[in-house]
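If you count by the numbering used here, then the sequence shown holds residues 1 to 399, one letter each, in order. Glycine included, every Cβ here is placed at the ideal spot set by N, Cα and C. Just below is one structure, and these are the notes that go with it.
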Amino acid sequence: MEQNTRLQYLLDRLTAHMATPEELDELTSLVDMDPGTASIDQVEAWLQEHDGQPLPAYDRQRWMEAADKILTADKLLPETDSKPVYRMHFLQRWGWAAAVVLLCGTAAYFLSHYHREKPAALAAVKKIQDIDPGKNGAILTLANGSHMVLDSLGNGVISTQNGTSVVLKNNGLQYTPGKPGTGDAEYNTITTPKGRQFRVVLPDGTKVWLNAGSALRFPVAFNGKERVTDLTGEAYFEVTKNATLPFKVRVQQQVEIEVLGTSFNVNAYTNEQNTYTTLIEGAVRVSLAHEAGHTVVLKPGEQVQSGGAQMAVTRNADVEKAVAWKNGLFNFEGVGLREMMRQLERWYNLEVVYEGNVPDVKFFGEMSRSLPLSDVLAGLERSDVHFRLEEGRRLTVMP
Numbered sequence: 001m002e003q004n005t006r007l008q009y010l011l012d013r014l015t016a017h018m019a020t021p022e023e024l025d026e027l028t029s030l031v032d033m034d035p036g037t038a039s040i041d042q043v044e045a046w047l048q049e050h051d052g053q054p055l056p057a058y059d060r061q062r063w064m065e066a067a068d069k070i071l072t073a074d075k076l077l078p079e080t081d082s083k084p085v086y087r088m089h090f091l092q093r094w095g096w097a098a099a100v101v102l103l104c105g106t107a108a109y110f111l112s113h114y115h116r117e118k119p120a121a122l123a124a125v126k127k128i129q130d131i132d133p134g135k136n137g138a139i140l141t142l143a144n145g146s147h148m149v150l151d152s153l154g155n156g157v158i159s160t161q162n163g164t165s166v167v168l169k170n171n172g173l174q175y176t177p178g179k180p181g182t183g184d185a186e187y188n189t190i191t192t193p194k195g196r197q198f199r200v201v202l203p204d205g206t207k208v209w210l211n212a213g214s215a216l217r218f219p220v221a222f223n224g225k226e227r228v229t230d231l232t233g234e235a236y237f238e239v240t241k242n243a244t245l246p247f248k249v250r251v252q253q254q255v256e257i258e259v260l261g262t263s264f265n266v267n268a269y270t271n272e273q274n275t276y277t278t279l280i281e282g283a284v285r286v287s288l289a290h291e292a293g294h295t296v297v298l299k300p301g302e303q304v305q306s307g308g309a310q311m312a313v314t315r316n317a318d319v320e321k322a323v324a325w326k327n328g329l330f331n332f333e334g335v336g337l338r339e340m341m342r343q344l345e346r347w348y349n350l351e352v353v354y355e356g357n358v359p360d361v362k363f364f365g366e367m368s369r370s371l372p373l374s375d376v377l378a379g380l381e382r383s384d385v386h387f388r389l390e391e392g393r394r395l396t397v398m399p
């Protein structure tokens, strides 16, 4: 009997609650001996297929050991003299697989959906506090300088400016132009602090999703010859087509993006070295603000990296990675530890500091943005990186 057929047989026995302890040991051994990832993929497919089914009542310690063997098989061995690389599988998206976390090449196997006791690492984190993931919310700054905390407001019209109604509805903000106003153009700024994300519909119908730690400045009505907005942080745009009124995004006074009608993502955080513009559909022209002639036109699936006076285009970009945040995921494909921590810092509203010689590792995989911080830290405690969570949302990273 071929190995994959035997593996399927053992998984079927597990589904029927008929697997013996010996068969469970055989199941983990088959995966452990697999030099590739075929067995891992087969186990994951089985997890997804049997979403919602209860686990057999095996001894918890046996399950922990089994999970370690199964999931450690997916660890990527680093090449000689290269940085450590780890494979992560976050199966949080699938029913009872929400109890499974694999991070940094070793398994943190939590049967919290079926076993209420928590692993020691998780319990240690919760001695101080647990931190919930980010949520919808933002601060709206009006043209007169006044601030409105949108988290605490109910649905309905919250402002009327220069003939435009500003309506809060279903965790989003919508600008609806009425009769054209008089006087100078009025600008609003919507800001998402750490731990917040938000969606806004601009006066022309363009939809913008803002990631945590971002800000978008825009007029309450587009009355000129072009539609101009200013962005800091990260946002996903779905631009309403209007060939006679070009839409522009100015990024930190360094990059200008011009579109007619398209969907694209811009990552332009001030604490990141480069700005990334990733095109989903349509076409955009990306220019360096202070470098005449430095312009590229992107096609769908392409990404331009802008930094200083240089731009570099990736023709077959990882579009799913670029927009993962909008879809409720962290995507850590090829991401280094410090970049990963900056993402967690923004989403969980943390202050991250480093202590000692923390290894510079890279990760591959994804995880849900809906997890509490304690679940993430408990998984990371199984790696070569450790953490100390302190009062005031201060997270110390240690070797």
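Considering only the alpha carbon of each residue, which of the options lies closest to residue i?
i, options, result
"residue 220", "384, 234, 325 and 187", "187"
"residue 385", "398, 159 and 289", "398"
"residue 368", "132, 24 and 22", "132"
"residue 282", "289, 269, 274 and 300", "300"
"residue 199", "394, 331, 326 and 373", "326"
"residue 357", "396, 152, 5 and 146", "396"
"residue 215", "192, 158 and 201", "192"
"residue 365", "324, 374 and 359", "324"
"residue 393", "195, 10 and 337", "195"
"residue 234", "322, 161 and 150", "322"
"residue 477", "154, 242, 7 and 232", "Coverage of the chain is limited to positions 1 through 399, which leaves residue 477 absent and any answer about it impossible."
"residue 150", "161, 160 and 173", "173"
"residue 319", "289, 330, 279 and 307", "279"
"residue 224", "255, 252 and 185", "185"
"residue 211", "335, 336 and 348", "348"
"residue 252", "317, 267, 245 and 242", "267"
"residue 363", "335, 138, 140 and 162", "335"
"residue 375", "130, 9, 26 and 6", "130"
Let me know the secondary structure DSSP gives residue i once reduced to three states.
i, result
"residue 395", "strand"
"residue 212", "coil"
"residue 369", "coil"
"residue 376", "helix"
"residue 64", "Low local confidence applies: a pLDDT of 46 at residue 64 is under 50, so the model's placement there is unreliable, and no value is given."
"residue 175", "strand"
"residue 320", "helix"
"residue 252", "coil"
"residue 343", "helix"
"residue 333", "coil"
"residue 302", "coil"
"residue 276", "strand"
"residue 242", "coil"
"residue 146", "coil"
"residue 354", "strand"
"residue 327", "helix"
"residue 270", "coil"
"residue 230", "strand"
"residue 7", "helix"
"residue 388", "strand"
Buried or exposed, going by whether 16 or more other CB atoms sit within 10 Å of the CB of residue i?
i, result
"residue 309", "exposed"
"residue 20", "exposed"
"residue 346", "buried"
"residue 287", "buried"
"residue 157", "exposed"
"residue 213", "buried"
"residue 18", "exposed"
"residue 169", "exposed"
"residue 152", "exposed"
"residue 12", "exposed"
"residue 360", "exposed"
"residue 70", "Residue placement at residue 70 cannot be trusted, given a pLDDT of 44 that sits under 50; what the coordinates show is reported in the next sentence. It is buried - the Cβ of residue 70 has at least 16 other Cβ atoms within 10 Å."
"residue 155", "exposed"
"residue 317", "buried"
"residue 138", "buried"
Please work out which residues of its chain come closer than 8 Å, Cβ to Cβ, to residue i, disregarding the five sequence neighbours upstream and downstream, and give them in chain order.
i, result
"residue 164", "175, 176, 177, 178, 181, 203, 220 and 221"
"residue 206", "227, 237, 238, 239, 240 and 247"
"residue 284", "257, 258, 259, 262, 264, 277, 297 and 298"
"residue 145", "none"
Might you give, ordered along the chain, the residues of its own chain that have their beta carbon closer than 7 Å to the beta carbon of residue i, omitting 5 neighbours on each side?
i, result
"residue 271", "342"
"residue 217", "187, 189, 229 and 230"
"residue 159", "142 and 166"
"residue 332", "88, 340, 363, 364, 365 and 366"
Only counting the same chain, and skipping five residues up and downstream in sequence, which positions put a Cβ closer than 6 Å to that of residue i?
i, result
"residue 171", "136"
"residue 352", "341, 345 and 395"
"residue 315", "302"
"residue 305", "274, 276 and 312"
"residue 390", "none"
Return the bridge partner residues of residue i from the DSSP annotation.
i, result
"residue 165", "160 and 176"
"residue 222", "In DSSP, residue 222 forms no bridge with anything."
"residue 200", "173 and 208"
"residue 287", "256 and 295"
"residue 187", "219"
"residue 135", "196"
"residue 311", "306"
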